[in-house]
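Below is the structure:
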């Protein structure tokens, strides 16, 4: 199953991704007399995703095929949801990037950072660079979406607490981080510095997680590329690692690192491409001084 969030009549609502377009869950409920939650956040918080997957694999699947769809080209995508309780990131998690940075040997613990939900934007939204001199970058990353409340999860148990995966873009004010390594969190926290979507892809949609290719692209050209198998810390290790630090909650997002960052400037277009996923694309512009609050 694949889910998206789309804007319809001024509201953001969940939709199932069908073969030739999107079907709002609200319309599925009207046609079937069901009561599925109408947003991705509520589906996660109420623990409905697994049951919804089963229903769509049975009687719901035939109904889905009979309903009118919103064509992909006409859909107004929004972030999958806007208020994750936690947005975590992993630094230097791909072997080649870690070697270039010379900062994270494979036997060390991951570099971690948090991003606020005020940094969150969705597909097509503008990345706004602060109106200051500096170097800014964008990084494509595979995002893990937690599906169940959990603590002290083993790597073997980790697949059972993951709701799915999403494309993400992580932006950084590199000049701040370069000034002092302790400024990593600060360099990641500006408004619009985390893009999320357009699809939540359930694990059963992915045949080989390690074979997924993650690519950072700028203005239509791939700048960095690697497969998930090239990670130092695997997806399931990452989930287990964070669950040993804190309770993970439905809707928490963990970015898993990037194959490489690309410099971004006013007028650019940054993109996260992951094999089999809908691309995540965001234009870049310079923040206008008068927009500051």
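In this note's numbering, the protein residues as written are 1 to 293.
Cβ atoms here follow ideal geometry from the backbone N, Cα and C, with glycine treated the same way.
Looking at the structure shown, is residue i part of a helix, part of a strand, or coil, going by DSSP?
i, result
"residue 191", "coil"
"residue 36", "coil"
"residue 264", "coil"
"residue 303", "Outside the shown range of the chain, which is 1 to 293, sits residue 303, and nothing can be said about it."
"residue 255", "strand"
"residue 247", "coil"
"residue 241", "helix"
"residue 69", "coil"
"residue 222", "strand"
"residue 80", "coil"
"residue 208", "coil"
"residue 292", "Caution is warranted here: a pLDDT of 49 is assigned to residue 292, below 50, making its placement in the model unreliable, and no coordinate value can be reported."
"residue 9", "coil"
"residue 50", "helix"
"residue 199", "strand"
"residue 128", "strand"
Suppose contacts are defined by Cβ-Cβ distances below 8 Å. Is residue i in contact with residue j by that definition?
i, j, result
"residue 285", "residue 126", "yes"
"residue 195", "residue 87", "no"
"residue 200", "residue 40", "yes"
"residue 258", "residue 94", "yes"
"residue 26", "residue 13", "yes"
"residue 187", "residue 119", "no"
"residue 28", "residue 64", "yes"
"residue 218", "residue 266", "no"
"residue 216", "residue 138", "yes"
"residue 197", "residue 158", "no"
"residue 117", "residue 148", "no"
"residue 60", "residue 32", "yes"
"residue 160", "residue 212", "no"
"residue 75", "residue 22", "yes"
What is the rounded straight-line gap between the Cα of residue i and the Cα of residue j?
i, j, result
"residue 136", "residue 172", "6 Å"
"residue 177", "residue 243", "27 Å"
"residue 204", "residue 164", "9 Å"
"residue 72", "residue 238", "33 Å"
"residue 260", "residue 170", "11 Å"
"residue 226", "residue 273", "11 Å"
"residue 278", "residue 179", "36 Å"
"residue 142", "residue 254", "8 Å"
"residue 124", "residue 283", "7 Å"
"residue 207", "residue 62", "23 Å"
"residue 287", "residue 192", "10 Å"
"residue 234", "residue 228", "8 Å"
"residue 223", "residue 271", "10 Å"
"residue 11", "residue 70", "15 Å"
"residue 36", "residue 56", "12 Å"
"residue 182", "residue 109", "17 Å"
"residue 47", "residue 256", "24 Å"
Would you list the one or two residues that DSSP bridges to residue i?
i, result
"residue 281", "271"
"residue 231", "94"
"residue 88", "114, 254"
"residue 41", "Paired residue(s): none; residue 41 is not in a bridge."
"residue 16", "3, 23"
"residue 213", "227"
"residue 145", "164, 253"
"residue 136", "173"
"residue 120", "194"
"residue 63", "In DSSP, residue 63 forms no bridge with anything."
"residue 286", "129"
Closest by CA to residue i, which one among the options?
i, options, result
"residue 67", "139, 16, 230", "16"
"residue 53", "72, 78, 18, 229", "18"
"residue 7", "79, 57, 235", "79"
"residue 230", "209, 69, 241, 47", "209"
"residue 81", "214, 44, 60, 159", "44"
"residue 294", "193, 23, 85, 156", "Since the displayed the chain opens at 1 and closes at 293, residue 294 lies outside it and no answer follows."
"residue 152", "48, 220, 240, 276", "240"
"residue 252", "114, 48, 146, 110", "146"
"residue 162", "246, 168, 144", "144"
"residue 115", "89, 96, 183, 131", "89"
"residue 202", "49, 23, 154", "49"
"residue 1", "9, 58, 246", "58"
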